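Student: Numbering (my numbering), first residue to last: 35 to 122. Just passing along the structure, written as structure tokens.
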């Protein structure tokens, strides 16, 4: 896992909690786990980035898994307009 500054870790935890609450992600036991980056947007807010460009089928859901200190999750809806997902 890549190191994130404490402020980014807090922001990541906040975003993960929000995604869990909305049902957009769920805990995962997938053998896959993509890294997560937080990128600062022009307005100063942080954008969670996970590269899923190659994943676009229902059977690819376990491959959307990602891990951080706060757990191992997979999307139940796909971020950025993929077939089975959408996120803020």
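Built from N, CA and C at the ideal position, the CB exists for glycine as well. As the structure is a computational prediction, the values presented were derived from the model and not from experiment.
1) Taking the C-alpha atoms as reference points, what is the distance between residue 56 and residue 46?
2) Specify, as a first and last residue, the run of the alpha helix (DSSP H) that residue 56 falls within.
3) Indicate the three-state DSSP secondary structure (helix, strand or coil) for residue 96 in the structure shown.
4) In the DSSP assignment, find the beta strand (DSSP E) that holds residue 73 and state where it starts and stops.
5) Give me the residue from 65, 66, 70 with the minimum Cα distance to residue 104.
6) Tell me, which residues are paired with residue 61 by DSSP?
7) Indicate the three-state DSSP secondary structure (helix, strand or coil) for residue 66 in the structure shown.
8) Apart from the five residues just before and just after residue 67, which ones in its own chain have a Cβ nearer than 8 Å to its Cβ?
9) Taking the C-alpha atoms as reference points, what is the distance between residue 54 and residue 82?
Tutor: Taking the coordinates as given:
1) 15 Å
2) 40-56
3) helix
4) 71-74
5) 70
6) 107
7) coil
8) 99, 100, 101, 106
9) 14 Å
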